[in-house]
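Have a look at the structure below, then the notes.
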Amino acid sequence: MFKKIKFSFIIKNRQGKSYAKKTKDYNQIHLGKIIGYNSIFNQKICHGNLIIEKIFKKINFKKLFFRNCNINFHSAFFYNEKISCIGFFDKKKNISILQIFQKGYVKCTFQFESHLNNNDNFKNYKKKFKIKKNKYNINFLLGSISYFVGMIYPGKKSLILSIRISKN
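So the sequence shown is numbered by our numbering: it starts at 213 and just counts up by one.
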């Protein structure tokens with residue numbers, strides 16, 4: 213039996229500036245009015261990882277049981293406009309899917325899987341990323357991704373389209 217959850221929030225310009233300071237992602241697509249206007253979006257866009265952080269806080273990410281979380285961005289989010297989320301929980305309080313809307317359009321989806329895929333190899337993940345327990349939290353990692361993609365590589369004209377989070 214599924215339980216439906218709904219919540220909404222708004223990201224203000226000042227929150228975008230604050231997130232840029234925290235992550236050091238000063239990509240002008242998020243901050244510059246003229247750069248945003250001249251972009252394919254015709255306005256500034258929110259940091260995608262800021263949206264993810266807000267949602268993780270609302271759904272109590274730390275207490276969720278899942279093996280994989282696939283986050284796919286379909287379109288950009290804009291400042292000062294309502295962002296609505298609709299999720300479906302199963303009877304054990306695990307989220308199966310979460311859809312994020314703005315202006316009536318699905319802009320992002322989160323899909324949580326509680327089982328391991330056969331092609332997942334956690335030993336390789338552990339070797340690649342030597343992260344010690346409790347040294348980094350998910351928000352720090354999301355901020356690091358935002359900085360790297362927005363400022364380092366590919367930089368100025370880059371967008372995050374998807375993120376996959378796997379737990380062991």
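Think of the CB as a built atom: it goes at the ideal place given N, C-alpha and C, for glycine as much as any other residue.
None of the values given here were measured: they were computed from a predicted structure.
Query, Result
"Integer Cβ distance of histidine 259 from histidine 242, believed to fall under 8 Å", "6 Å"
"Pairwise C-alpha distance: phenylalanine 277 and glutamate 265", "17 Å"
"Whether isoleucine 295 touches isoleucine 222 by CB criterion (8 Å)", "yes"
"Endpoints, the alpha helix (DSSP H) within which serine 370 is located", "No alpha helix (DSSP H) contains serine 370, which DSSP labels as neither H nor E."
"Euclidean distance between Cα positions of serine 308 and isoleucine 267", "15 Å"
"Residue range of the beta strand (DSSP E) that includes glycine 299", "294-301"
"Alpha carbon of phenylalanine 300 to alpha carbon of glutamine 323, nearest angstrom", "10 Å"
"From Leu371, Met363, Ser326 and Gly362, residue whose alpha carbon lies closest to that of serine 378", "Ser326"
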